[in-house]
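Participant: Take the sequence shown: its position 114, counting from 1, is numbered 157 in this note's numbering, and each next residue is one higher.
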Amino acid sequence: MGITGVLLIICGAGLSWAAEATASGRMGINSLVGIRVGYVTVSEPAWRAGHRAARPLTHAAAGVFAALGIFALVFCGAESTSGAAIISGSLLVLGLILAAAVKANRAARAVVLAASPHGRA
């Protein structure tokens, strides 16, 4: 479980970095990093608004990844215990990321509708 713990910590750090880079506008619309659902990819302002709205949930998911990694490193010899915790924690990360995507889409939709001449997308 040692390598798993290290990889989970790296995933958490990478996810946290991506949340900041996309929310701040340092990383614009692209095909590799970020939330790409519905209204989020319509424009750069929608992209930034969506990622700013999703930032807290994305950081929470990154924190769960890091905590799981530390847990896996501490309980390295207890594969059954750490394995169950990692699976449960990964499901929590999935839920947080899905919630972040919904929140991002709603925020981006508001930006797109505000920019539309008739208030419709």
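Even for Gly, the Cβ is constructed at its ideal location relative to N, Cα and C.
Among Ile-52, Arg-95 and Gly-55, whose alpha-carbon lies nearest the alpha-carbon of Ala-64?
Facilitator: Within the sequence shown, the letter at position 21 stands for residue 64. Comparing alpha carbon positions, the residue from Ile-52, Arg-95 and Gly-55 closest to Ala-64 is Arg-95.
Participant: According to DSSP, is Ser-125 part of a helix, a strand, or is it coil?
Facilitator: Taking the first residue of the sequence shown as position 1, residue 125 is located at position 82. Three-state DSSP puts Ser-125 in a helix.
Participant: Quick check on the burial criterion: 16 or more other C-beta atoms within 10 angstroms. Buried or exposed for Thr-124?
Facilitator: One-based indexing of the sequence shown puts residue 124 at position 81. Burial call: exposed.
Participant: Below 6 Å CB to CB, which residues in the same chain sit around Ala-144 once its five sequence neighbours on both sides are set aside?
Facilitator: If you number the sequence shown from 1, residue 144 lands on position 101. So the qualifying residues of the chain are Ile-78 and Val-80.
Participant: How would you call Trp-90, buried or exposed, if buried means at least 16 neighbouring beta carbons within 10 angstroms?
Facilitator: For the purposes of this step, residue 90 is taken as residue 47 along the sequence shown, with counting starting at 1. Taking all protein chains shown into account, Trp-90 has 16 or more neighbouring C-beta atoms within 10 Å of its C-beta and is therefore buried.
Participant: How is Leu-75 classed by DSSP in three states: helix, strand or coil?
Facilitator: For this step, residue 75 is matched to residue 32 along the sequence shown. Three-state result, Leu-75: coil.
Participant: With distances taken from CA atoms, which of Val-76, Ile-53 and Ser-86 is nearest Leu-156?
Facilitator: Position 113 of the sequence shown, counted from the first residue, corresponds to residue 156. The shortest C-alpha separation from Leu-156 is found at Ser-86.
Participant: Short of 8 Å in beta carbon distance, which residues of its chain neighbour Ile-113, apart from the five on each side in sequence? Order them along the chain.
Facilitator: Looking up residue 113 in the sequence shown gives position 70. Excluding sequence neighbours, Ile-113 sits near Gly-48 and Ile-52.
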